[in-house]
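Residue numbers (UniProt numbering), protein chains in the order written: chain A, 1 to 364; chain B, 1 to 454. Backbone N, C-alpha and C fix where the C-beta goes; we use that ideal spot for every residue, glycine too. Here the structure is a predicted model, which is why all the values come from computation and not from measurement. Encoded as structure tokens, the structure appears first; notes follow it.
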Amino acid sequence: MSSLLKRACGLLLGLAALQVLAQAMPAAQRFPGIGRAATAQEVQAWDTDVRPDFKGLPKGSGSVAKGQEVWEAKCASCHGVFGESNEVFAPLVGGTTDEDARTGRVGNLRRSDYPGRTTMMKLSQVSTLWDYINRAMPWNSPKSLSVEEVYGVTAYILHLGGVVPADFTLRDGNITQVQQKLPNRNGKTTDHGLWPGREFDGTTVPDVQGSTCMSNCSVEPKVASMLPDFARDAHGNLAEQNRLVGPQRGARTASPVAGGAAPVAAAPQVVAQAGPPGARATEAARARALAQASNCTACHAPDRRLVGPSWAEIAGRHKGNAAYLSGKIRAGGIGAWGNIPMPPQSLGEDDALLLGNWLAAGAP
Amino acid sequence: MADMQDPRQGRLRKAPESFLDRAAIAAVMQEARNGRRGFIRGAFAAAAAGLAAPAPARQAPAPGAAADPNIVNLPEHTRGLGRPVVTDGYGKPSRYEANLQRRQSPGLTQTTQASVSFAPLQSLFGIVTPSGLHFERHHQGWWDIDPSKHRLMINGLVRTPQVFTVDDLMRLPSHSRFHFLECGANTGMEWGNVAVPTVQYTHGMISCSEFTGVPLITLLEMAGADFSRGKFLLAEGADGSSMTRTIPMSLVRSGEVMVAWGQNGEMLRPENGYPLRLVVPGVQGVSWVKYLRRIEVGDMPYGTKDEVLHYVDLMPDGLHRQYTSLQECKSVVTTPSGGQVLLDKGFYSISGLAWSGRGKVKRVDVSVDGGRHWRQARLQPPVLDKCLTRFSIDWVWDGRPAIVQSRATDDTGHVQPTYRQLRAVRGSRSIYHNNAIQSWLIKEDGEVSNVQLA
Chain A
1 MSSLLKRACG LLLGLAALQV LAQAMPAAQR FPGIGRAATA QEVQAWDTDV
51 RPDFKGLPKG SGSVAKGQEV WEAKCASCHG VFGESNEVFA PLVGGTTDED
101 ARTGRVGNLR RSDYPGRTTM MKLSQVSTLW DYINRAMPWN SPKSLSVEEV
151 YGVTAYILHL GGVVPADFTL RDGNITQVQQ KLPNRNGKTT DHGLWPGREF
201 DGTTVPDVQG STCMSNCSVE PKVASMLPDF ARDAHGNLAE QNRLVGPQRG
251 ARTASPVAGG AAPVAAAPQV VAQAGPPGAR ATEAARARAL AQASNCTACH
301 APDRRLVGPS WAEIAGRHKG NAAYLSGKIR AGGIGAWGNI PMPPQSLGED
351 DALLLGNWLA AGAP
Chain B
1 MADMQDPRQG RLRKAPESFL DRAAIAAVMQ EARNGRRGFI RGAFAAAAAG
51 LAAPAPARQA PAPGAAADPN IVNLPEHTRG LGRPVVTDGY GKPSRYEANL
101 QRRQSPGLTQ TTQASVSFAP LQSLFGIVTP SGLHFERHHQ GWWDIDPSKH
151 RLMINGLVRT PQVFTVDDLM RLPSHSRFHF LECGANTGME WGNVAVPTVQ
201 YTHGMISCSE FTGVPLITLL EMAGADFSRG KFLLAEGADG SSMTRTIPMS
251 LVRSGEVMVA WGQNGEMLRP ENGYPLRLVV PGVQGVSWVK YLRRIEVGDM
301 PYGTKDEVLH YVDLMPDGLH RQYTSLQECK SVVTTPSGGQ VLLDKGFYSI
351 SGLAWSGRGK VKRVDVSVDG GRHWRQARLQ PPVLDKCLTR FSIDWVWDGR
401 PAIVQSRATD DTGHVQPTYR QLRAVRGSRS IYHNNAIQSW LIKEDGEVSN
451 VQLA
């Protein structure tokens with residue numbers, strides 16, 4: 001063996017030894033120079049979660065009255081003045097009784113005929129409400145509420161749900177007692193096989209098991225449910241949602257098929273693609289994109305009322321009046337279309353005018 | 001319809017004997033010489049429509065039969081100069097594939113920021129979902145975050161809270177794994193009855209990718225996590241909702257949970273969490289926190305909004321099951337599937353996808369008679385842990401009504417249930433974790449419909 005080869009082999013053995021050593025080393029020493037210690041200020045800035053045992057809850061308080069004030073300005077537009085709105089999100093309150101507050105189980109959850117489930121019917125931890133409002137509300141401006149406002153809004157929802165009286169002030173010191181009044185505080189279980197770890201000491205066994213029968217199985221292959229005819233077109237023309245080559249085509253569903261006629265397989269037609277990148281978008285397309293990006297579409301739809309009036313209604317009343325509309329978008333308002341306020345939109349003048357022009361032209 | 005081309009035009013059929021009289025044949029040949037192929041197609045199709053059985057496809061055409069203009073007339077792309085390289089720096093699918101899009105289900109949500117789009121499973125091959133077709137679920141809108149400003153913090157029950165940049169993380173030894181990612185609400189609209197027409201909407205909240213990243217356990221070790229007290233983690237995102245979910249420490253300790261930046265060989269797409277997301281194999285998508293910015297080690301579950309108000313399963317006794325996270329054994333036939341029309345009788349390769357959050361798919365059975373009889377399907381390699389598996393089976397359709405189903409079994413022995421079996425235990429108000437057997441009804445005219453059986 002040449003001396004060069006010997007030296008190379010020695011080097012390799014040495015490297016292998018290092019490798020073994022590396023595996024045994026603590027991770028922090030294995031990867032020197034990767035990551036750094038977080039400062040206390042950094043941890044404080046991000047570690048805002050509030051746990052079910054209220055660890056993480058900042059000291060403070062907020063009254064139902066304070067909450068109502070914040071609510072009407074920043075929350076009612078999506079959730080309704082009384083948290084009852086089903087237009088944008090599911091209703092927050094309703095469906096609970098005084099009996100539920102006593103037992104901690106919501107009786108209506110046992111009824112298969114009870115329509116819908118409100119937040120208050122499902123809520124089992126008051127920490128969840130506080131944490132979510134603090135981190136994610138208002139919808140278009142998350143993390144903008146003060147500690148007092150979060151306490152207040154939490155108290156207001158609890159009041160709407162019949163958990164606390166109108167003159168109540170929610171504090172870090174009394175939140176544990178409020179927890180004991182939640183109508184569905186005893187309504188949850190972790191005793192099931194769908195948690196992937198062992199942390200809950202629950203079962204890991206599936207609760208439903210299928211059959212392995214291969215022939216002459218005792219099933220009744222009878223159709224019990226299918227899409228009603230009126231829903232056939234609800235998802236657009238399925239012909240345009242399937243590939244144009246292969247063993248089958250999409251069914252043509254956009255227009256009603258003549259009674260009794262065979263379903264028509266789609267003709268190989270290429271759907272127009274969105275404009276090529278770099279192509280100049282029209283003003284209308286820009287306005288529509290801006291309306292969506294600015295969350296206008298959470299409350300306004302083209303042709304029907306959601307929380308606020310439709311684009312068509314607005315255009316009908318303020319045709320050609322772009323300046324008025326852009327001003328209204330930036331200032332916000334209440335009373336013109338009902339009692340639900342529209343919060344001011346933080347848009348530049350140009351963007352507001354783009355939307356105003358678009359609306360004034362009928363929102364094409 | 002006059003404007004419609006026959007999608008079967010690619011097949012050249014032999015003219016059956018004696019279906020045209022001598023004069024008609026002469027007229028056809030004259031038209032052929034004049035190059036009016038459309039007339040010939042019309043004449044042949046009209047004659048073929050009256051036939052009871054499909055003509056054998058592979059016989060040689062009769063002497064003098066019309067030649068396929070797609071063969072005999074050389075197209076422009078054979079006679080001209082094509083486009084140069086790098087016409088498009090990041091390539092796109094053919095314009096003929098434009099029908100394959102993520103789609104929303106109309107009316108499902110009132111806002112487009114707290115919404116979902118479905119992947120077009122009816123048209124995908126193999127097990128990988130193209131990144132641009134990966135389903136989306138956003139709780140408060142999506143962002144395209146500057147990776148140089150993004151940070152990941154690890155705090156809670158650790159010796160020293162740590163901060164990592166994306167540069168830091170990408171220096172670490174990475175690994176790549178294929179896993180499915182399924183929303184807990186996938187198929188949720190169908191708990192009570194048939195609600196949507198196609199597999200895109202029934203099952204399209206699942207996708208499968210190769211994810212690249214670093215095992216979370218490595219980062220926890222670097223921060224000096226307390227593994228004796230730290231039984232749960234909180235994962236938190238950097239979006240407006242600062243999405244938060246409780247993660248089991250046992251999965252993290254097994255090495256499965258990954259902090260990923262790569263997906264299908266490229267960086268994550270913004271809609272899927274660029275620049276960092278958590279990968280929690282086998283667990284519902286909501287736990288795969290996007291725009292991941294913080295991991296907190298703790299000693300109790302966190303009871304976040306999506307663990308108390310949503311992603312809880314309502315049982316018939318009025319109790320909500322909480323922290324139901326695992327995606328159980330499930331499968332669906334994607335070809336053929338709802339909203340499609342079979343072009344002809346004859347041979348088909350029934351194909352679909354199977355998966356299990358508990359492990360590997362062990363077998364898939366397929367029935368074409370609504371579950372009376374089953375045949376074992378082929379599993380197409382690779383068959384991977386907590387990953388989509390493609391299956392297929394041969395089938396000759398005789399033109400009579402058929403109900404096509406698939407039934408998966410995983411390597412723990414868990415068998416996908418029927419709707420009747422699932423509802424007997426969980427009722428029909430769960431919303432989440434519907435893994436029932438899907439049924440597609442094929443009618444005599446070839447149209448495939450979504451149905452549920454008694």
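Going by DSSP in three states, B/Tyr274 sits in which element: helix, strand or coil? Here residue 274 of chain B refers to the residue found at position 274 when the second sequence is read from its first residue. If DSSP states are grouped into helix, strand and coil, B/Tyr274 belongs with coil.
On the DSSP bridge list, what partners appear for B/His320? Stepping through the second sequence from its first residue, residue 320 of chain B is reached at position 320. According to DSSP, B/His320 bridges with A/Lys188 and B/Leu314.
Closest to A/Gln41 by C-alpha separation, out of B/Arg95, B/Asp68 and B/Val163, would be which residue? Sequence index remark: in the first sequence, residue 41 of chain A carries index 41 (1-based). Nearest C-alpha to A/Gln41: B/Val163.
In terms of DSSP beta bridges, what is B/Asp369 paired with? The residue given as residue 369 of chain B occupies position 369 in the second sequence. B/Asp369 is bridged to B/Ile403.
Between the Cα of A/Ala293 and those of B/Ile71, B/Pro75 and B/Gln113, spot the shortest distance and give me the residue it belongs to. Here residue 293 of chain A refers to the residue found at position 293 of the first sequence. Of the residues B/Ile71, B/Pro75 and B/Gln113, the one whose Cα lies closest to the Cα of A/Ala293 is B/Gln113.
Would the segment 179-195 of chain B and the segment 429-440 of chain B be scored as touching if the rule is three or more Cβ pairs under 8 angstroms? Between the segment 179-195 of chain B and the segment 429-440 of chain B, the count of Cβ pairs shorter than 8 angstroms is three or higher; the stretches touch.
Report the three-state DSSP secondary structure of A/Gln44 (helix, strand or coil). In the first sequence, residue 44 of chain A corresponds to position 44, counting from 1. Note: A/Gln44 maps to helix in three-state DSSP.
Work out the CA separation of A/Thr128 and A/Asp172 for me, nearest whole Å. Here residue 172 of chain A corresponds to residue number 172 of the first sequence, with the count starting at 1. Here residue 128 of chain A corresponds to residue number 128 of the first sequence, with the count starting at 1. Taking the straight line joining both Cα atoms gives about 14 angstroms.
Assuming B/Leu100 and B/Ser115 are in contact, meaning their beta carbons sit under 8 angstroms apart, how far apart are those beta carbons, in whole angstroms? Position 100 of the second sequence, counted from the first residue, corresponds to residue 100 of chain B. Position 115 of the second sequence, counted from the first residue, corresponds to residue 115 of chain B. About 20 angstroms separates the two Cβ atoms, so there is no contact after all.
Please list the residues of the segment 218-243 of chain A that have a C-beta atom closer than 8 angstroms to any C-beta atom in chain B, keeping them in chain order. Among the residues of the segment 218-243 of chain A, those with a Cβ less than 8 angstroms away from any Cβ of chain B are Val219, Glu220, Pro221, Lys222, Val223, Ala224, Ser225, Met226, Leu227, Ala231, Arg232, Ala234, His235, Gly236, Leu238, Glu240, Gln241, Asn242 and Arg243, in the order of the chain.
To the nearest angstrom, how far is it from the Cα of A/Gly333 to the Cα of B/Glu256? Here residue 333 of chain A refers to the residue found at position 333 when the first sequence is read from its first residue. Here residue 256 of chain B refers to the residue found at position 256 when the second sequence is read from its first residue. Each residue's Cα considered, the two are about 52 angstroms apart.
Does DSSP put B/Trp288 in a helix, a strand or coil? Residue mapping note: residue 288 of chain B aligns to position 288 of the second sequence, counting from 1. Looking at B/Trp288 - three-state DSSP - the assignment turns out to be coil, as it is neither helix nor strand.
Have a look at A/Gly278 and A/Asp113 and give me their C-alpha separation to the nearest angstrom. As a first step, residue 278 of chain A must be located in the first sequence, where it is residue number 278. As a first step, residue 113 of chain A must be located in the first sequence, where it is residue number 113. Confidence at A/Gly278 is low in this model, with a pLDDT of 41, below 50, so its placement is unreliable and no value can be given for it.
I need the boundaries of the beta strand (DSSP E) containing A/Met120, first residue and last residue. Here residue 120 of chain A corresponds to residue number 120 of the first sequence, with the count starting at 1. That residue, A/Met120, is in no beta strand (DSSP E); its alpha helix (DSSP H) goes Thr119 to Lys122.
How about B/Asp299 and B/Leu157: do their beta carbons lie closer than 9 angstroms? Residue numbering aside, residue 299 of chain B sits at position 299 when the second sequence is read from its first letter. Residue numbering aside, residue 157 of chain B sits at position 157 when the second sequence is read from its first letter. It is a contact, given that the beta carbons lie within the stated cut-off.
Only counting runs of 4 or more residues, tell me where the alpha helix (DSSP H) segments fall wholly within the segment 393-447 of chain B, in order along the chain. Fully contained in the segment 393-447 of chain B are the following alpha helix (DSSP H) runs of length 4 or more, in chain order: 419-426.
Could you tell me the boundaries of the beta strand (DSSP E) in which B/Val332 lies? Translated into the one-based positions of the second sequence, residue 332 of chain B becomes position 332. Its beta strand (DSSP E) spans residues Lys330 to Thr335.
When DSSP labels each residue in this structure, what does A/Leu92 get in the three-state scheme? By one-based count along the first sequence, residue 92 of chain A stands at place 92. In the structure shown, A/Leu92 sits in coil (DSSP, three-state: anything other than H, G, I, E or B).
Let me know if A/Gln68 comes out buried or exposed under the rule of 16 or more other beta-carbons within 10 Å of its beta-carbon. By 1-based counting over the first sequence, the position of residue 68 of chain A is 68. Buried, because 16 or more other Cβ atoms sit within 10 Å of the Cβ of A/Gln68.
Are the segment 225-239 of chain B and the segment 196-214 of chain B touching, with three or more C-beta to C-beta distances below 8 angstroms? Verdict: no, contact absent.
Show which residues of chain A have a CB atom less than 9 angstroms away from the CB atom of B/Ile403. If you number the second sequence from 1, residue 403 of chain B lands on position 403. From the beta-carbon of B/Ile403, the residues of chain A found nearer than 9 angstroms are Pro221 and Val223.
In the DSSP assignment, find the unbroken beta strand (DSSP E) run with B/Tyr348 in it and report its ends. Numbered from 1 along the second sequence, position 348 holds the residue referred to as residue 348 of chain B. From DSSP, the beta strand (DSSP E) with B/Tyr348 extends over Gly346 to Trp355.
Mapping DSSP to helix, strand and coil, what is A/Leu355? Numbered from its first residue, the first sequence carries residue 355 of chain A at position 355. Secondary structure at A/Leu355: helix, using DSSP grouped into helix, strand and coil.
Quick one: Cα of A/Thr282 to Cα of A/Ala360, how far? Taking the first residue of the first sequence as 1, we reach residue 282 of chain A at position 282. Taking the first residue of the first sequence as 1, we reach residue 360 of chain A at position 360. Going by the C-alpha atoms only, they are around 16 angstroms apart.
Any C-beta of chain A sitting closer than 9 angstroms to the C-beta of B/Gly427? For the purposes of this step, residue 427 of chain B is taken as the residue at position 427 of the second sequence. Cβ-Cβ to chain A under 9 angstroms: yes for B/Gly427.
Assuming B/His212 contacts B/Trp261 under a Cβ cut-off of 8 angstroms, what Cβ separation, rounded to an integer in Å, is found between them? If you number the second sequence from 1, residue 212 of chain B lands on position 212. If you number the second sequence from 1, residue 261 of chain B lands on position 261. Sequence check: residue 212 of chain B is Thr here, not His. Taking a contact as a CB-CB distance under 8 angstroms, the pair B/Thr212 and B/Trp261 counts as one, their CB atoms being some 7 angstroms apart.
Reference B/Val297, options A/Asp49, A/Ile175, A/Ala45 and A/Gln29, closest by Cα: Sequence index remark: in the second sequence, residue 297 of chain B carries index 297 (1-based). When each option's Cα is compared against that of B/Val297, the closest is A/Asp49.
Is the shortest distance between the beta-carbon of B/Ala52 and the beta-carbons of chain A less than 9 angstroms? Translated into the one-based positions of the second sequence, residue 52 of chain B becomes position 52. The predicted model places B/Ala52 with a pLDDT of 40, which falls under 50 and marks its position as unreliable; any figure quoted below should be read in that light. B/Ala52 is outside the set of residues whose beta carbon lies under 9 angstroms from a beta carbon in chain A.
Which residues, taken in chain order from the segment 123-137 of chain A, show a beta carbon closer than 8 angstroms to some beta carbon of chain B? Close to chain B, meaning a Cβ-Cβ distance shorter than 8 angstroms, are the following residues of the segment 123-137 of chain A: Leu123, Ser124, Gln125, Ser127, Thr128, Asp131, Tyr132, Arg135 and Ala136.
Test item: CB-CB of B/Phe180 and B/Trp355 under 9 angstroms: Locating residue 180 of chain B in the second sequence gives position 180, counting from the first residue. Locating residue 355 of chain B in the second sequence gives position 355, counting from the first residue. Contact: yes.
Close Cβ partners of A/Leu145 (< 6 angstroms) along its chain, the five nearest in sequence each way excluded: Numbered from 1 along the first sequence, position 145 holds the residue referred to as residue 145 of chain A. Within the same chain, and ignoring the five residues on either side of A/Leu145 in sequence, no residue has its Cβ closer than 6 angstroms to its Cβ.
Short-range partners of chain C found in the segment 151-164 of chain A, where Cβ spacing is below 7 angstroms: In the structure shown, chain C cannot be found, because the protein chains are A and B.
Could you compute how far the alpha carbon of A/Gly35 sits from the alpha carbon of A/Leu325? Walking along the first sequence from the start, residue 35 of chain A turns up at place 35. Walking along the first sequence from the start, residue 325 of chain A turns up at place 325. Across the structure, A/Gly35 and A/Leu325 are spaced so that their CA atoms are roughly 51 angstroms apart.
Compare the C-beta of B/Glu328 with all C-beta atoms of chain A and state if any pair is closer than 9 angstroms. Along the second sequence, read from residue 1 onward, the residue named residue 328 of chain B stands at position 328. Proximity of B/Glu328 to chain A, defined by a Cβ-Cβ separation below 9 angstroms, is satisfied.
Show which residues of chain B have a CB atom less than 8 angstroms away from the CB atom of A/Asn216. Stepping through the first sequence from its first residue, residue 216 of chain A is reached at position 216. Correct list: Arg372 and His373.
So, is B/Thr335 buried or exposed, given that buried needs 16 or more other C-beta atoms within 10 angstroms? Taking the first residue of the second sequence as position 1, residue 335 of chain B is located at position 335. It is buried - the Cβ of B/Thr335 has at least 16 other Cβ atoms within 10 Å.
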